[in-house]
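J.: The sequence shown begins at -7 in our numbering and counts up by one.
Sharing a structure, written as structure tokens. Questions coming.
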Amino acid sequence: MAEYINIRGQSIEVLASDPANPTVGQIWYNSTSNTLKGNSVTTAGAWATGGTMTTARQSLAGAGTQTAGLAFSGYSAPTGFTGATEEYNGSSWSGGGTMAAARANAAGLGTQTAGLVTGGEVDVPVNPTFLNTTEEYNGASWTSGGTLVTTRQGLAGCGIQTAGLISGGLTPPSTYSSATEEYDGSSWTSGGSLGTARQQLVNVGTQTAGLAFGGSTGVYTNVTEAYNGTSWTAGGNLNTSRAQLRGAGIQTAALGFGGNASLSPPVTGLTEEYDGSTWTTSPASLNTARSLHAGAGTQPAALAFGGQPPTTGATEEWTGAGSPLVQTITAS
């Protein structure tokens, strides 16, 4: 039998653990797991199972990246609303600082060490109280931030702690909002209004290059709008209208996943990719269909966690097409 070294003219590295930054085409033998591995490029996006959250919850908020994610707020039966925070390192979740105000359906944005939560609600569904308060996270604890101009829940957020953007939501008692606000690290000011008032939508991108998509106007919508720091303009429509979905990425490279839609069953794992003008439905859906979950990361490396039904702590990691992927090599 021909040996690999004679075919390729080179030896295979023997390593105790996978290399931190393997190059595409690199092959090695992992002596700990006794497996032959290689780094290839994905031809299609796919979701894979990640570490499970300590606190299963729905209607939570998220921020950060796939390898440095942040989960906070939400509703966790039977204990109710939670201010618990968890941090993700790319494989597992660990506890962080607790928020001052337990809330659900709030907007989250920022990074694992500089996160932000604003708006939301408490005491649902018996006596809903909408919030306008903001809290900022420094990687260890939460402190009070500026107050929203418009009190609301079901809003969406993107950007960073010192340059945040929120839009949409539901204002008391039950009015769909088109209001946009911008955060400078201490206070909120009004920005340009959405063309379509809605709640349970998604925001991704930055304060001066944001994207809003999906949501509910009383019915599910597929509307997408782009923000330039002053005003919103129409973008390409989602292929599937839905609300309570989540997303990741930037204005010209976004990912939308999960949510509630006019489908059977209504809770979906559908995933769509946006190139700045057009949404394309991926052949790969979330392994666990869910709504009212949280999202973080980028289009090629996103994170989905939490949600319902039933309330879950399941986490999934997205690897987009064209991304490097470490695979175990087996005999065919």
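We treat Cβ as the ideally placed atom computed from N, Cα and C, and that holds for glycine.
These figures come from a predicted structure and were not determined experimentally.
Assuming Leu247 contacts Trp310 under a Cβ cut-off of 8 Å, what Cβ separation, rounded to an integer in Å, is found between them?
T.: Their Cβ separation, rounded to whole angstroms, is 7 Å, which keeps Leu247 and Trp310 in contact under 8 Å.
J.: Compute the Euclidean distance between the alpha carbons of Val318 and Leu123, then round it to the nearest angstrom.
T.: Near 44 Å, if we compare the C-alpha coordinates of Leu123 and Val318.
J.: Under 8 Å, do Asn130 and Gly112 count as touching if we go by C-beta distance?
T.: Result no, Cβ atoms of Asn130 and Gly112 do not sit closer than 8 Å.
J.: Is it buried or exposed for Asn252, if we count other Cβ within 10 angstroms and need 16 for buried?
T.: Its Cβ being crowded by 16 or more others within 10 Å, Asn252 is buried.
J.: Note down the Cα distance separating Leu7 from Gly17, rounded to an integer number of angstroms.
T.: If you take the alpha carbons of Leu7 and Gly17, they lie about 16 Å apart.
J.: With burial defined as no fewer than 16 other Cβ atoms inside 10 Å of the residue's Cβ, what is the status of Glu265: buried or exposed?
T.: Classification of Glu265: buried, given that the 10 Å Cβ count is 16 or more.
J.: With H, G and I counted as helix, E and B as strand and the rest as coil, what does DSSP make of Leu52?
T.: Three-state result, Leu52: coil.
J.: In whole angstroms, what separates the C-alpha of Gly75 from that of Thr143?
T.: Cα-Cα distance, rounded: 19 Å.
J.: Looking only at its chain, what residues have a beta carbon closer than 6 Å to the beta carbon of Glu5, apart from the 5 residues adjacent to it on each side?
T.: Excluding sequence neighbours, Glu5 sits near Trp20.
J.: How would you write the range of the beta strand (DSSP E) that Thr359 sits in, first residue to last?
T.: Residue 359 cannot be examined here, being either before or after the span of the chain that is shown, -7 to 324.
J.: Considering just the uninterrupted stretch of the beta strand (DSSP E) at Ser182, what are its terminal residues?
T.: Start and end: 180 to 182.
J.: With 16 as the cutoff for other CB atoms within 10 Å, does Ile321 come out buried or exposed?
T.: Exposed, because fewer than 16 other Cβ atoms sit within 10 Å of the Cβ of Ile321.
J.: Determine contact between the stretch 145 to 165 and the stretch 58 to 69, defined as no fewer than three beta-carbon pairs at a distance below 8 Å.
T.: No, the stretch 145 to 165 is not in contact with the stretch 58 to 69.
J.: Output the distance between the C-alpha atoms of Gly312 and Gly239, rounded to the nearest integer angstrom.
T.: Taking the straight line from one Cα to the other gives about 14 Å.
J.: Once the 5 residues before and after Ala293 are set aside, which same chain residues still bring their CB inside 6 Å of it?
T.: If we look at Ala293 and ignore the five residues flanking it on each side, its Cβ neighbours are Gln58.
J.: Using beta-carbon positions only, say whether Thr135 and Gly87 come within less than 8 Å of one another.
T.: The answer is no: Cβ separation not under 8 Å.
J.: So for Thr311, helix, strand or coil by DSSP?
T.: Strand at Thr311.
J.: For Ser86, which of helix, strand or coil comes out of DSSP?
T.: DSSP places Ser86 in strand when its eight states are reduced to three.
J.: Closer than 6 Å by C-beta to Tyr175: which residues in its own chain qualify, once you throw out the five before and the five after it? Chain order, please.
T.: Closer than 6 Å at the Cβ level, and outside the excluded window around Tyr175, lie Gly156.
J.: Mind checking who Gly17 pairs with in its DSSP beta bridge?
T.: Looking at the DSSP assignment, Gly17 forms no beta bridge with any residue, so it has no partner.
J.: Taking Cβ positions, are Asp10 and Asn26 nearer each other than 8 Å?
T.: Result no, Cβ atoms of Asp10 and Asn26 do not sit closer than 8 Å.
J.: Compute the Euclidean distance between the alpha carbons of Ile(-3) and Thr44, then round it to the nearest angstrom.
T.: Because the pLDDT at Ile(-3) is just 47, under 50, the model does not fix this residue reliably, and the value given afterwards should be weighed accordingly. Whole-angstrom Cα-Cα distance: 41 Å.
J.: Taking C-alpha atoms, which residue in Gly82, Thr163, Ala60 lies nearest to Gly107?
T.: With distances taken between Cα atoms, Gly107 lies closest to Ala60.
J.: Assuming the contact rule is C-beta atoms closer than 8 Å, Ala55 and Ala288 should be a hit. Round their C-beta distance to whole Å, please.
T.: That pair is a contact at about 6 Å.
J.: Per DSSP, Gln145 is paired with what?
T.: Answer is Leu162.
J.: Spell out the partners DSSP gives Arg234 in its beta bridges.
T.: Arg234 pairs with Ala253.
J.: Quickly, what does DSSP pair Ala245 with across the bridge? List them, please.
T.: Paired residues: Ile242.
J.: Using the Cα positions of Ala201 and Leu28, report the straight-line distance between them to the nearest angstrom.
T.: When rounded, the distance between both Cα atoms is 43 Å.
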